[in-house]
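My numbering numbers the first residue of the sequence shown as 537 and each following residue consecutively. These notes are about the structure you will find just below.
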Amino acid sequence: MKSHEIILYPLMTEQSVYAIENENKLVFMVDRRANKDDISRAIRELYGVEAEKVNTLITKLGGKKAFVRLKEGYDASDLAIRLGIL
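So this is what it looks like as structure tokens:
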């Protein structure tokens, strides 16, 4: 799959704002078929940042949510501002 098919959109909730500010994490809705390596590669290609760790979960509605912690040297707040979600 191509990177823009994997990452559907960034998610903006109270929990995700807390994660951006305190844990250097971003939250994305992703394609259900994507694995953690695919998500990490797509983040690197689309946004030019390196992911340290990717956690995923399947929502009650059947979507897939990815919590992406960025490596040191990359700031989740800066990327969120570039994406227009903060």
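Yeah, the Cβ is synthetic: ideal placement off N, Cα and C, and Gly gets one too.
Start-to-end residues for the beta strand (DSSP E) that takes in residue 621: Looking up residue 621 in the sequence shown gives position 85. It is not in any beta strand (DSSP E) - residue 621 carries neither H nor E in the DSSP assignment.
Continuous beta strand (DSSP E) stretch holding residue 545: start and end: Counting from one through the sequence shown, the residue named residue 545 turns up at place 9. Where residue 545 is concerned, the enclosing beta strand (DSSP E) stretches over 543–546.
Buried versus exposed call for residue 613 [16 or more other C-beta atoms within 10 Å across all chains shown]: The residue given as residue 613 occupies position 77 in the sequence shown. Counting the other Cβ atoms within 10 Å of the Cβ of residue 613 gives fewer than 16, which makes it exposed.
Per DSSP, cross-strand counterpart(s) of residue 594: Looking up residue 594 in the sequence shown gives position 58. Residue pairing by DSSP puts residue 594 in a beta bridge opposite 600.
Neighbour-count burial assignment, residue 556, 16 or more Cβ in a 10 Å radius: Looking up residue 556 in the sequence shown gives position 20. If you draw a 10 Å sphere on the C-beta of residue 556, you find 16 or more other C-beta atoms in it, and that means buried.
Under 8 Å between C-beta atoms of residue 565 and residue 545: The residue labelled residue 565 in the question sits at position 29 within the sequence shown. The residue labelled residue 545 in the question sits at position 9 within the sequence shown. A contact, by the Cβ cut-off of 8 Å.
Residue 579 burial status per 10 Å Cβ neighbour count (16 or more: buried): Looking up residue 579 in the sequence shown gives position 43. The residue in question, residue 579, is buried, as its Cβ has 16 or more Cβ neighbours within 10 Å.
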